[in-house]
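Sequence positions in the sequence shown follow this note's numbering and run 2 to 139.
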Amino acid sequence: MTESPAVLFANEAFYQAFAEGDAEAMDGLWAETVEVSCVHPGWNSLIGREAVMESWRAILSHPEAPAVMAFNARVQLFLPVSPMALVTCNEVIGENLLAASNLFVQERGVWRLFHHHSGPSAESPEIEEAEPGEGTMH
2 MTESPAVLFA
12 NEAFYQAFAE
22 GDAEAMDGLW
32 AETVEVSCVH
42 PGWNSLIGRE
52 AVMESWRAIL
62 SHPEAPAVMA
72 FNARVQLFLP
82 VSPMALVTCN
92 EVIGENLLAA
102 SNLFVQERGV
112 WRLFHHHSGP
122 SAESPEIEEA
132 EPGEGTMH
C-alpha cells in the first residue's frame, strides 16, 4: 500500500470510530510513542495521551452524540524528512460544518493519529467526488 492511501485509511478509521462511538477503536488509532494533542471545537487544547483519550471517552459515551461525517480529505506527506502526514478535511457534526486537520506519525509501520484539530468553517465547501480509497464519507 502506498503511503497516501494508507494515511487516508487511518483517517477513515478515525471517523468510523467517531461515528460508531467506539472508544476502544479510537484508543487504538492514537500514537503511543509521541506526545499527542487535540483541540475539539470550543475546547481548550488538550495535551498528552491521557487527557486526549479521556476527552474522547466522554464524547463517545455521550447518549446524545451527534452524527459525524467527514469529506474532502487531502493528504500531505512529509516523507522522507519525517514519517508524518497531514490530512485536511471538512466535518459535519450534527448541523455544524467544521474544518479539521489530522496529523499522523508512523509507529512500527502503522499510521497513528497524534493531533486532531477541528473548528467552525466560515463557508460551505463543495463536496468533491473522491476516487475509490480516497477521502472519507460516513
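C-beta atoms are modelled at their ideal positions from N, C-alpha and C, and glycine is treated no differently.
Could you check where the beta strand (DSSP E) with GLY120 kicks off and where it finishes?
If you number the sequence shown from 1, residue 120 lands on position 119. First-last of the beta strand (DSSP E) with GLY120: 111-121.
C-beta contact flag for TRP1 and ARG113 at 8 Å
Missing from the structure shown is residue 1; the chain here goes from 2 to 139 and no further.
Should ALA86 go down as buried or exposed, given a rule of 16 or more other Cβ atoms within 10 Å for buried?
In the sequence shown, the residue the question calls residue 86 occupies position 85. Burial call: buried.
In whole angstroms, what is the alpha-carbon distance linking SER46 and THR3?
Here the question's residue 46 lines up with position 45 in the sequence shown. Here the question's residue 3 lines up with position 2 in the sequence shown. Using only the alpha carbons, I get a separation of about 32 Å.
Examine the ligand FMN and report whether any of its heavy atoms sits within less than 7 Å of the Cβ of HIS41.
Summarising the ligand content, the structure contains no ligands, and the ligand FMN is consequently not present.
Would you check if the distance between the CB atom of HIS116 and the CB atom of SER56 is smaller than 8 Å?
Here the question's residue 116 lines up with position 115 in the sequence shown. Here the question's residue 56 lines up with position 55 in the sequence shown. Cβ distance not < 8 Å, so HIS116 and SER56 don't count as in contact.
Taking 6 Å as the limit between beta carbons, can you name the residues of its chain near ARG50, skipping five residues before and five after?
Residue mapping note: residue 50 aligns to position 49 of the sequence shown, counting from 1. Taken in chain order, the residues that qualify are VAL37.
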